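In what follows, a single structure is set out as structure tokens and then discussed.
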Amino acid sequence: MAAADRDDLPRLERAAHLRKDIDALEADLRAESSVLLPVWRDQSLLAGERVALIDLARARALLDASGELVWLGKLGAAGCFALDVSGVAEPLRHPVLAGAGEFKDLRMAGAALPVEHAALAAYARGILYWHRRHQHCGACGASTAPREGGHLRVCRAESCATQHFPRTDPAVIMLVHDEDRCLLGRQKTWPKGMYSTLAGFVEPGETLEEAVAREVEEESGVLVEDVRYFRSQPWPFPSSLMVGFTARARTRELRASDELEDARWFGRADLRAARERGFYVPGRFSLAGQLIEAWLAAPDAPV
Ligand SMILES: [Zn+2]
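Rendered as structure tokens:
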């Protein structure tokens with residue numbers, strides 16, 4: 097059965113303790129029940145609004161023609177793998193993948209997927225991206241080899257043997273507010289009319305709270321206090337973890353910056369009538385959308 101039919105996707109258990117268990121991983125490679133998520137040049141194989149899972153037992157011919165294979169964990173009792181098929185010129189013409197779905201950019205298509213499907217596709221995309229970018233050792237330049245089911249790469253030079261682990265780059269995203277307005281901005285490259293929360297990468301030696309305050313000041317000139325954690329979201333485009341915060345504005349005057357084309361204070365009425373007023377904000381798929389929605393929903397509570 098092509099698992100695209102499996103609407104009730106079990107929760108993925110990463111089962112990290114099995115990554116060093118060669119026998120367990122080999123058993124999953126042979127098992128009839130194991131499934132595979134193909135990723136082609138950062139695009140995920142989707143069947144409508146679901147990830148398309150391929151039965152591993154029927155995919156041997158594809159394994160031989162492909163790149164990195166990573167053991168993601170257990171989907172219920174089934175072993176679950178991600179496979180980089182970027183080297184296959186026309187993957188949907190390959191007999192294993194023909195008719196299984198379409199390759200799509202998760203950044204665009206992810207909003208339509210159920211959350212567990214989007215999370216699984218994000219995991220596969222993120223870890224295969226890391227493998228492609230870490231074929232060589234950052235310490236000595238020699239080639240690296242995958243280990244532990246694809247959760248580690250080790251430098252092949254014996255004198256070096258540096259271990260490289262998959263990396264995630266923390267970024268902060270924050271809804272800055274005062275009593276009754278919130279601060280949103282837009283970058284030049286965004287679609288016309290889109291405004292969103294401010295965001296930026298965390299720098300070495302910096303706490304998340306310090307990154308929030310620094311980014312807000314750099315992008316808008318506003319000073320903040322009372323930085324509070326909201327929630328986080330993996331954002332594998334290519335390898336970030338977005339950490340969401342709210343922050344209270346200590347100053348309100350906006351200053352132009354190179355990073356933003358525009359930044360403005362919006363009242364709740366502005367946001368609720370966004371479309372009529374010629375702008376829009378991100379949807380609930382993104383942490384930005386969730387931050388804005390939470391702020392709109394709790395007018396009297398501190399957010
Ligand atoms: Zn090395």
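In terms of the working numbering, the sequence shown opens at residue 97 and continues consecutively.
Note that beta-carbon positions come from the ideal geometry of N, C-alpha and C, so glycine has one too.
Remember, predicted model here, so these are calculated numbers, not experimental data.
What does DSSP give as the partner residues of residue i in its beta bridges?
{"i": "glutamate 264", "result": "According to the sequence provided, residue 264 is threonine. The question's glutamate does not apply to it. Threonine 264 is not bridged to any residue."}
{"i": "glutamine 329", "result": "Met338"}
{"i": "alanine 208", "result": "Its beta-bridge partners do not exist; DSSP assigns none."}
{"i": "isoleucine 388", "result": "For isoleucine 388, which the question treats as bridged, DSSP gives no partner whatsoever."}
{"i": "glycine 296", "result": "Val268"}
{"i": "proline 191", "result": "Answer is none; proline 191 lacks a bridge partner."}
{"i": "arginine 324", "result": "Thr342"}
{"i": "glycine 363", "result": "Arg277"}
{"i": "threonine 240", "result": "Cys251"}
{"i": "arginine 282", "result": "Asp358"}
{"i": "tryptophan 136", "result": "Gln139"}
{"i": "isoleucine 150", "result": "Leu132"}
{"i": "glycine 175", "result": "Lys170"}
{"i": "glutamate 109", "result": "Lys170"}
{"i": "glutamate 306", "result": "Answer is none; glutamate 306 lacks a bridge partner."}
Any idea if residue i is buried or exposed, counting beta-carbon neighbours within 10 angstroms, 16 or more meaning buried?
{"i": "alanine 309", "result": "buried"}
{"i": "valine 268", "result": "buried"}
{"i": "alanine 99", "result": "Legend: pLDDT at alanine 99 = 43, less than 50; position of this residue unreliable, value from coordinates given subsequently. Label assigned to alanine 99: buried."}
{"i": "valine 339", "result": "buried"}
{"i": "lysine 116", "result": "exposed"}
{"i": "glutamate 315", "result": "buried"}
{"i": "serine 336", "result": "buried"}
{"i": "alanine 384", "result": "buried"}
{"i": "arginine 327", "result": "exposed"}
{"i": "aspartate 101", "result": "Interpretation of aspartate 101 is limited by its pLDDT of 46, a score under 50 that renders its predicted location unreliable; no figure is taken from the coordinates."}
{"i": "glycine 289", "result": "exposed"}
Taking the CB atoms as reference points, tell me whether residue i and residue j lie closer together than 9 Å.
{"i": "cysteine 278", "j": "tryptophan 361", "result": "yes"}
{"i": "proline 134", "j": "alanine 218", "result": "no"}
{"i": "valine 192", "j": "alanine 157", "result": "yes"}
{"i": "valine 434", "j": "aspartate 265", "result": "No statement about residue 434 is possible, as the shown extent of the chain runs from 97 to 399 and does not include it."}
{"i": "leucine 105", "j": "leucine 171", "result": "yes"}
{"i": "aspartate 138", "j": "tryptophan 167", "result": "no"}
{"i": "alanine 155", "j": "leucine 132", "result": "yes"}
{"i": "leucine 224", "j": "glycine 163", "result": "yes"}
{"i": "arginine 252", "j": "alanine 238", "result": "yes"}
{"i": "tryptophan 391", "j": "threonine 347", "result": "no"}
{"i": "serine 129", "j": "arginine 221", "result": "no"}
{"i": "glutamate 186", "j": "leucine 142", "result": "no"}
{"i": "alanine 120", "j": "glycine 379", "result": "no"}
{"i": "aspartate 177", "j": "leucine 188", "result": "Reading off the sequence, residue 177 comes out as phenylalanine, not aspartate. No, these two residues do not count as a Cβ contact at 9 Å."}
{"i": "leucine 294", "j": "valine 323", "result": "no"}
{"i": "proline 332", "j": "leucine 152", "result": "no"}
{"i": "serine 353", "j": "glycine 296", "result": "no"}
So residue i packs on residue j, CB below 8 Å; how close in whole Å?
{"i": "leucine 271", "j": "isoleucine 118", "result": "That belief does not hold up - the Cβ atoms of leucine 271 and isoleucine 118 are roughly 47 Å apart, past 8 Å."}
{"i": "tyrosine 291", "j": "glycine 301", "result": "Contact doesn't hold; Cβ gap of about 31 Å is too wide."}
{"i": "arginine 146", "j": "histidine 213", "result": "6 Å"}
{"i": "alanine 345", "j": "histidine 273", "result": "7 Å"}
{"i": "aspartate 276", "j": "glycine 363", "result": "6 Å"}
{"i": "glutamate 127", "j": "glycine 169", "result": "Position check: residue 127 holds alanine in this sequence, whereas glutamate was assumed. Wrong, their Cβ atoms sit about 14 Å apart, outside the cutoff."}
Closer than 6 Å to ligand 1: residues, by C-beta to nearest heavy atom, in chain order: Cys233, Ala235, Cys236, Ala238, Cys251, Ala253, Cys256, Thr258
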